[in-house]
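Read in order, the letters of the sequence shown correspond to residues 6 to 90 in the numbering used here.
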Amino acid sequence: MIEQGMTFKIIEKDWYKRRQLTGKELSPVSVSIPDYQAVHNHFCNMFVRYNDGSEKSLLARVIYNKLTAQWTVDGMEVAVKVIEQ
6 MIEQGMTFKI IEKDWYKRRQ LTGKELSPVS VSIPDYQAVH NHFCNMFVRY NDGSEKSLLA
66 RVIYNKLTAQ WTVDGMEVAV KVIEQ
């Protein structure tokens, strides 16, 4: 999703390696963060759409990694990398 000149790329989580699959697993397909600010520890709203058509709103935190100079937004269930345009 593109907002304010930013693209949010979903970070794949490999939880399936730690548990057995029980039917169809939900996976996020798009993320929208309308109140994103490039400020470390800023809290924002993350709106996630899943592969079954359902949507969820998460409280997320913006994180800046000084070693990689990379911004991420972590909503615990879903995390995204911020890619500047």
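Every residue, glycine too, gets a C-beta built ideally from N, C-alpha and C. If you're wondering where the values come from, they're calculated on a predicted model, not measured in any experiment.
Fill in: Residue burial classification, Pro39 (beta-carbon count within 10 angstroms, cutoff 16)
Position 34 of the sequence shown holds residue 39. It counts as exposed.
Worksheet item: Can you list the beta strand (DSSP E) stretches of 3 or more residues lying completely in the stretch 30-57, in chain order?
Response: You should have 33-37 and 48-55.
Discussion item. Per DSSP, what are the beta-bridge partners of Ile15 in this structure?
Written reply: Counting from 1 along the sequence shown, the entry for residue 15 is found at position 10. Per DSSP, Val85.
Fill in: Local Cβ density within 10 Å of Ala74, reported as buried at 16 or more and exposed below that
Counted from its first residue, the sequence shown places residue 74 at position 69. Exposed, because fewer than 16 other Cβ atoms sit within 10 Å of the Cβ of Ala74.
Worksheet item: What separation, rounded to the nearest whole angstrom, lies between the Cα atoms of Val36 and Val87?
Response: For the purposes of this step, residue 36 is taken as residue 31 along the sequence shown, with counting starting at 1. For the purposes of this step, residue 87 is taken as residue 82 along the sequence shown, with counting starting at 1. Each residue's alpha carbon lies about 11 angstroms from the other.
Worksheet entry | Simplified DSSP state of Lys61, which is helix, strand or coil | Within the sequence shown, residue 61 is the residue found at index 56, counting from 1. Strand, per DSSP.
Worksheet item: Can you tell me whether DSSP reads Thr77 as helix, strand or coil?
Response: By 1-based counting over the sequence shown, the position of residue 77 is 72. Note: Thr77 maps to strand in three-state DSSP.
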